[in-house]
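Have a look at the structure below, then the notes.
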Amino acid sequence: MQVAHPRRVLAVSLDSQENVLSRAIKELTNQAPEATSSSLAGSTHDLPIKTSYYTATLPVWLDLVDDPEAWAASFLSDEAAEVLAALGAVVVVFGQGQEEQTKLLIRQVGRVLDEGLGGWEWDGVRLAVGFGDGREEEWEEICAEAGLEFVRVGEGEETLNEFGEKMGMARVKEALEANDWEMGADAEQFLDDEEQDSDSLDFGYDRADFEGLRQAIWRASLADDAQDAEADDTSTPVGRPRADSELEQGVYQPSGQEAKDGAGVDSKAQGAEKTDASSRHDGGAQQGGKDVGQELKGVGDDAAGVEGADGDDVDQVEGMMRRLQAVRDAGAGMGEAQRRRMAARAVAEVIKEL
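For what it's worth, full-length UniProt numbering labels the leading residue of the sequence shown as 1, then goes sequentially.
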């Protein structure tokens, strides 16, 4: 099924590594991106995706960052709210050199993910793609702290590791294909590709610049909304098969049996996760999701037992359970060490709230 109004991919690099960003897009789409002016910043490049479940052409917004902190502040401003709502993936691309600036960029992207997109509860793809060799474990840890999956792209490397998991650009494409790209209800209007003005997609650092971006993004008419709403009523949501409805119903049921049923809820979440993992093409993904589930199971049970008579406690525990399930989903395609680091970070955050 064709996704008529897909969410967007935001790909960012340091402005001094424009050539690395261009290489990444070329390897991903088999076509080099074309700059709209003197640089790639603000340009859009299409990524066609076709799976057994859906077909979509994803617009990839390219941005080059000079000052990561100012860039993050711009994306966290009120003017950027609608831009964030249109995103389905955030990809940081970096090469060798300028390590301190690269680390700062990764941390600031993590800040946008956490404060602007909802952290682990956001259902989009979050990747950090590093070109070159050396200190892979260190970069995995840095990226995991920012909520990003690290993918290393080396010269002439194999596409599968010893566990049968995809690596390099094959893993990047796999992660993007596994996402649900249908525009969510939180976006008030859908994007109209034919009316987009690529020149206005300069994210920049001045908050006023976002007004032009917002106007370029949200040009779909009320008639388009009505047509899409009618189509939604008669069609099945596209994307990879996921047990989201089961998770939403099974994470927490506000009744007098919450504490008693907590363990059963966690088991349902594990079952839903296994269903999700089975839709992936690499043989190690299912085991990966299981490992993360084992890391988080005890905390999920503890969270379920915290609930009392106060309705605020119910909401708090439900949010924690959703966050833990999101970490399980996010870790499905990662290596074991990276999964465990990400799980440990999520557990620490939940324990603080408990």
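Built from N, CA and C at the ideal position, the CB exists for glycine as well.
Residues bridged to residue i (per DSSP)
i	result
Q2	T55
A73	According to DSSP, A73 bridges with nothing at all.
F131	V153
V90	L10, R126
L160	K166
Contact test: residue i Cβ vs the ligand FAD heavy atom, cutoff 6 Å
i	result
G168	The ligand content of the structure shown is nil, which means the ligand FAD is not present either.
As assigned by DSSP and simplified to three states, the class of residue i
i	result
A11	strand
P48	strand
W181	coil
L105	helix
residue 396	No information on residue 396 is available, as it lies outside the stretch 1 to 354 that the chain covers here.
D63	strand
G116	helix
E149	strand
L28	helix
L40	coil
Q96	coil
residue 369	With the chain running from 1 to 354 in the structure shown, residue 369 is simply not present.
Cβ-Cβ separation, residue j to residue i (assumed contact under 8 Å), whole Å
i	j	result
L76	E115	6 Å
L58	V9	5 Å
V93	L160	That pair is no contact at about 22 Å.
residue 358	G130	The structure shown does not extend to residue 358, since the chain is modelled only from 1 to 354, so the question has no answer here.
L62	S43	5 Å
F150	E140	5 Å
Cβ-based burial, residue i [other Cβ within 10 Å; buried from 16]
i	result
N179	buried
D78	exposed
G168	buried
T102	buried
S52	exposed
K26	exposed
S13	buried
G88	buried
K50	exposed
G124	buried
A80	buried
R171	buried
Chain-order list of residues whose beta-carbon lies under 6 Å from that of residue i (same chain, five-residue window excluded)
i	result
P6	A56, L58, W181
D133	G154
D66	D15
residue 355	This structure does not reach residue 355, given that the chain is present from 1 up to 354, and the question cannot be answered.
E136	R152
Q96	G132
E99	none
Beta-carbon contacts of residue i that lie in its chain and below 7 Å, excluding the five residues immediately before and after
i	result
E69	Q108
I106	V92, A128, I142, C143, A146, L148
K173	L28
H45	I25, T29, P33, V60, L62
A73	none
Close Cβ partners of residue i (< 8 Å) along its chain, the five nearest in sequence each way excluded
i	result
S39	D15, E18, L64
L176	V9, L47, I49, L58, A89, V125
L113	V90, G119, W122, R126, A146, G147, L148
R23	F131
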